[in-house]
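Below: one structure, written as structure tokens.
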Amino acid sequence: MSPEEYIASGILEAFVMDQLEETERAEVLQMAEKHPEIKAEIAAIEEDLMAFAQKGAIAPPAGVKEKIFHDIQPATQKEEKSAETPVRSMGNQQKFYQYFAVAASILAVIGLSLAVYFYQQYQSVNNRLAEALSDQQQMAQQFNLTRQKNDAMEQQLAFLSKPSVKMVRMHGLNPAPNALATVFWDENSDNVMLKVNQMPDNPEEKQYQLWAIVDGKPVDAGVFDVNDQSGGMLKMKNIKNAQAFAVTLEPKGGSKSPTMDQMYVMGKVQSPPTS
Amino acid sequence: MAAIFLFKLKSNRIKHISPQVKISEEELIDRLKAQDTEALNYLYDHYSAALYGTILRIVRTEEVAQEVLHDAFLRIWEKINQYQSDKGRLFTWMVNLARNLSIDKVRSKEIKNTRKTDKVEDNVGLIDRSKNDHMAVDGIGIREVVAKLPKDLQLIIELMYFQGYTQSEISEEYEIPLGTVKTRTRSAMQALRKLVQ
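Chains V and H are the protein sequences, given in the same order. Each residue of the first sequence is one higher than the one before, counting from 211 in this note's numbering. Each residue of the second sequence is one higher than the one before, counting from 3 in this note's numbering.
Right, dumping it as structure tokens:
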């Protein structure tokens, strides 16, 4: 087919208006390369197409342009990246490392801050633990003391409840007419307990001494002090066969024989009424 | 070479195209491929109306036409790197792209079914009757020009330009040999060339 026949067939119009299959298109392009008149005719047809379309142009409403330009933005950024690939890819890597370094630094700072914070917390807790342990120790000690007191009281109560225990009230004499002290004497075990109800405090260089009158003779039953600290029951020396009890004020440590004018209290042992 | 390209890239990006300035097609293509939005702006200002007219005549409603125009420009922007200037002019590529989108849109709306029942005579009459069509307001120039064509050529233009038929479809539906459809298309376009100039 000659170029003129080729042109006359209308295949070039079909080509320009995208009516041909791929193989036909390739053929037209080949013919255009081969024959300048065919190439020229294609150009002319394209001009006609554009002129015809411009003749029938209708202006679109304004909003369409806006929407188009709004919607192309993400694509723009994507295309930018692919268009500048040779330069950008290195940049992207650099940026990655920069971001990575920054992120790592931030994490390090956070990690360090946390470490400091937790150490402080640990110290605080440790201190409180020490305090708590100390408190616990004190409480344990107090508990022990209380228990000891309790045990002592229980013992005394047990002692006093015994049928064999005699109560001997010792009343005040000249040196202290209002003085009062009580002896609890267990005839079975010979145990002697003394309760100071009311007696003046003894001076530091002196001490009170308890005597038991046995077969008419005074027998030492032990020394004791009366001061703010004293209270409760005092265990004295064991005594057999007492008929009476008395307390004298003696030099510190006691005497071998009672100082008669320093007798503060005295009381007789009541004998059971004979039926 | 890449450095020169990049340098050109950067300097181009700063340039704003004033409305009076005409850009060569070559420069326009380069800038579009470089994703210069100013180039797209120029393209829209100069060619959107021609494309819109083409689209509207095929899809018939403004709402749909606006959608298709929008999609066409997005596609032009995204696929510009596929365009090769040795295969044809930029406008040819764009108008075919817009036409194809319009045809796809119309097919999806099944308008073609109604078209198939039309006989040859009715179709020719369509162009005359189109003076009552709301679109006649815009395209008085085009309609008048086409009306001056011989009837068998009018049909071709009506079907291809105004209804988005392919030559194969015309050949099949109207039982005209494909070769004849092609020669009639050429004749129509040559006649229009004279009328439009």
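Glycine is no exception: its CB is placed at the ideal position from the N, C-alpha and C atoms.
Item: Taking only runs that begin and end inside the segment 408-474 of chain V, name each unbroken beta strand (DSSP E) of 3 or more residues, in chain order.; Value: 416-424, 427-434, 443-446, 452-461
Item: Looking at the structure shown, is HIS245 (chain V) part of a helix, part of a strand, or coil, going by DSSP?; Value: coil
Item: Since LEU58 (chain H) meets chain V, which of its residues come closer than 7 Å, beta carbon to beta carbon?; Value: ILE268
Item: Could you work out which residue in H:TYR163, H:LYS184, H:ILE159 is closest to SER170 (chain H) when comparing CA atoms only?; Value: H:LYS184
Item: Would you kindly work out how many angstroms separate the C-alpha atoms of GLN240 (chain V) and PRO213 (chain V), rounded to a whole number?; Value: 12 Å
Item: According to DSSP, is THR94 (chain H) helix, strand or coil?; Value: helix
Item: For a test of the three-state rule: what should DSSP assign to ASP140 (chain H), helix, strand or coil?; Value: In this predicted model, ASP140 (chain H) has a pLDDT of only 46, less than 50, meaning its place in the structure is not dependable enough to derive any value.
Item: From what residue to what residue does the alpha helix (DSSP H) around MET191 (chain H) run?; Value: 180-198
Item: Given a cut-off of 8 Å, decide if THR56 (chain H) and ALA100 (chain H) are closer than it, judged by their beta-carbon atoms.; Value: yes
Item: Please determine if the segment 371-391 of chain V and the segment 349-363 of chain V are in contact, where contact requires at least 3 C-beta pairs separated by less than 8 Å.; Value: no
Item: State the DSSP-derived secondary structure class of GLY166 (chain H), mapped to helix, strand or coil.; Value: coil
Item: Alpha helix (DSSP H) containing ARG77 (chain H): first to last residue?; Value: 64-81
Item: In angstroms with no decimal places, state the Cα-to-Cα distance between PHE225 (chain V) and GLN86 (chain H).; Value: 15 Å
Item: Please look up how many angstroms separate the CB atoms of TYR418 (chain V) and VAL436 (chain V), rounded, as I've assumed it's under 8 Å.; Value: 6 Å
Item: Where ILE25 (chain H) and VAL97 (chain H) are concerned, what is the direct C-alpha to C-alpha distance, given to the nearest angstrom?; Value: 19 Å
Item: Could you name the residues of the segment 245-273 of chain V whose beta carbon sits closer than 9 Å to any beta carbon of chain H, in the order they occur along the chain?; Value: ILE252, ALA253, ALA254, ILE255, GLU256, GLU257, ASP258, LEU259, MET260, ALA261, PHE262, ALA263, GLN264, LYS265, GLY266, ALA267, ILE268, ALA269, PRO270, PRO271, GLY273
Item: Assuming the contact rule is C-beta atoms closer than 8 Å, ALA51 (chain H) and ILE268 (chain V) should be a hit. Round their C-beta distance to whole Å, please.; Value: 6 Å
Item: Give a yes or no on whether the minimum CB-CB distance between ILE220 (chain V) and chain H is below 8 Å.; Value: For the record, residue 220 (chain V) in the displayed sequence is Gly; it is not Ile. Yes, because at least one Cβ of chain H sits closer than 8 Å to the Cβ of GLY220 (chain V).
Item: Measure from the C-beta of ALA224 (chain V) to each C-beta in chain C and report whether the shortest distance is under 8 Å.; Value: The question asks about chain C, but that chain is absent: this structure's protein chains are V and H.
Item: Are the CB atoms of ASP258 (chain V) and LEU194 (chain H) within a distance shorter than 8 Å?; Value: yes
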